[in-house]
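J.: Below you'll find the structure I mean.
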Amino acid sequence: MIERFHPEGFPTPPVPLSSATKAGGFVFVSGQVATDRDGKVFLGDFAREVEDTLDNVEACLAAAGARPDQIVKIGAFLSNATLFAPFNEIYRRRFPSAPPARTTVVVAFGHPDVRVEIEAIAYVG
Amino acid sequence: MIERFHPEGFPTPPVPLSSATKAGGFVFVSGQVATDRDGKVFLGDFAREVEDTLDNVEACLAAAGARPDQIVKIGAFLSNATLFAPFNEIYRRRFPSAPPARTTVVVAFGHPDVRVEIEAIAYVG
Amino acid sequence: MIERFHPEGFPTPPVPLSSATKAGGFVFVSGQVATDRDGKVFLGDFAREVEDTLDNVEACLAAAGARPDQIVKIGAFLSNATLFAPFNEIYRRRFPSAPPARTTVVVAFGHPDVRVEIEAIAYVG
């Protein structure tokens, strides 16, 4: 009744969570951050960090059989209010039309180098 | 399969999001803040800011064909712990009985004058 | 169409919310914190605070007829990044296999002594 997914090739999450779950036609994607192949937190260009984070969200969706255009709600978390403008610039390119509903707030993260974390809910019917 | 809504007369969101989405019987409302007619962030009385924010949530719901009593979950974000008491006072008047489930935490926002942001999930069947 | 639940024996929430709501096969549990019998915020050992918080989430689920293994998504909020490691240690024992999707971020709370708050979405079909 509840399915759980982990994208192939993704490092095992260091924390006890499923990358995505599916039930009742909805897919719930855990908060994703940008990591390298070894699962280490990404360090570098913020634009790249946003792209990698969205890539990870899409990989989790794909593992559950969902497409980006099936996302109904995004929860986005940034480490600093100054990041809203560059975040929206990248984000807009990834959702050029018919974007999901979204809430974006500033919080702190478990790792001091993380600047963006993104979770998603998709509807696959 | 997924419908997207923008309340009539609302300023176009300056960020890439749909005000509300509907799928699988649920309506997802993006985090709303209080703004004036031009989309500028509201400045002034906090009680008024809470009322305006809830008005905006209700406008997004209405655009998607949902009523306030169909809200199942509210996510509320405040800029300061001292705002919980006045926030709850207004909020209680808006949901005098059978209130939704709710989570309320303190975060920071993209705009320094925002003191409250509210998102919602409603069920319309 | 929308059902609302309050666990038997729980103190009346000091804020206007339903402990849990159910609609469309999903159960939405309000953000829970650890409290004693009188509804006062728990003070003491962090591991115990996490256990009590998860107990409260489970009590809300049970009131709505849902089991912990039916949770599809957890939202966890911590007051400090240093708490991730001890939080995950307890959490892992509570979800030894097939854990829910999860997002965990650092925020502040309405009460200065709260160190963890947890909300949940479950699917009961």
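Chains as they are written, first to last, in our numbering: chain A, 1 to 125; chain B, 1 to 125; chain C, 1 to 125. Glycine included, each C-beta is placed from N, C-alpha and C at the ideal position. Predicted model, so just to flag it, every value in this text is computed and none were measured.
#1: When the cut-off is 9 Å and only beta carbons count, does residue 69/A lie next to chain B?
#2: Tell me which residues of the stretch 103-118 of chain A have at least one Cβ-Cβ distance to chain B shorter than 9 Å, keeping chain order.
#3: What is the DSSP secondary structure of residue 12/A, counted as helix, strand or coil?
#4: With a Cβ-Cβ cutoff of 9 Å, do residue 41/A and residue 113/A count as a contact?
#5: When the Cα of residue 76/B is compared with those of 60/B, 47/B, 33/B, 97/B, which residue comes out closest?
#6: Among 125/C, 123/C, 117/C, whose alpha-carbon lies nearest the alpha-carbon of residue 55/C?
#7: May I ask which residues mark the beginning and end of the beta strand (DSSP E) holding residue 26/B?
#8: Closest to residue 37/B by CA distance: which of 28/B, 25/B, 10/B is it?
#9: Take residue 125/A as the anchor and find which of 18/A, 6/A, 26/A has the nearest alpha-carbon.
#10: Given that a residue counts as buried once 16 or more other Cβ atoms are within 10 Å of its Cβ, and exposed if not, what is residue 82/A?
#11: Looking at the ligand HEM, does it come within less than 8 Å of residue 67/C, judged from the CB to the closest heavy atom?
#12: For residue 62/C, which residues from the same chain have a beta carbon less than 8 Å from its beta carbon, with the 5 sequence-adjacent residues on both sides left out?
#13: Which residues in chain C sit within 7 Å of residue 72/B, going by Cβ to Cβ distance?
#14: Got a sec: is the Cβ-Cβ distance from residue 99/C to anything in chain A below 9 Å?
#15: How big is the Cα-Cα spacing for residue 22/B and residue 44/C?
T.: The structure says:
#1: The count along the first sequence starts at 1 and reaches residue 69/A at position 69. Chain B, which has a Cβ nearer than 9 Å to the Cβ of residue 69/A, makes this yes.
#2: 103, 104, 105, 106, 107
#3: Counting from one through the first sequence, the residue named residue 12/A turns up at place 12. Here residue 12/A sits in coil by DSSP.
#4: Here residue 41/A refers to the residue found at position 41 when the first sequence is read from its first residue. Here residue 113/A refers to the residue found at position 113 when the first sequence is read from its first residue. Yes; because the gap between Cβ atoms is below 9 Å, this pair is in contact.
#5: Position 76 of the second sequence, counting from 1, holds the residue named residue 76/B. Among 60/B, 47/B, 33/B, 97/B, the Cα nearest to that of residue 76/B belongs to 33/B.
#6: As a working note, residue 55/C is residue 55 in the third sequence. Looking at the Cα atoms, 117/C is the closest of the given residues.
#7: As a working mapping, residue 26/B is identified with position 26 in the second sequence. Counting along the chain, the beta strand (DSSP E) containing residue 26/B begins and ends at 26-32.
#8: Position 37 of the second sequence, counting from 1, holds the residue named residue 37/B. Nearest C-alpha to residue 37/B: 10/B.
#9: Along the first sequence, read from residue 1 onward, the residue named residue 125/A stands at position 125. When only C-alpha atoms are compared, the closest one is 26/A.
#10: Residue 82/A sits at position 82 when you count from the first residue of the first sequence. It counts as exposed.
#11: Although the ligand HEM was asked about, the structure shown includes no ligands whatsoever.
#12: Working through the third sequence from its first residue, we reach residue 62/C at position 62. Cβ within range, chain order: 7.
#13: Looking up residue 72/B in the second sequence gives position 72. The answer, in chain order, is 2, 21, 23, 28.
#14: Reading the third sequence from its first residue, position 99 is the one you call residue 99/C. Cβ-Cβ to chain A under 9 Å: yes for residue 99/C.
#15: Residue 22/B sits at position 22 when you count from the first residue of the second sequence. Residue 44/C sits at position 44 when you count from the first residue of the third sequence. Their Cα atoms are separated by approximately 43 Å.
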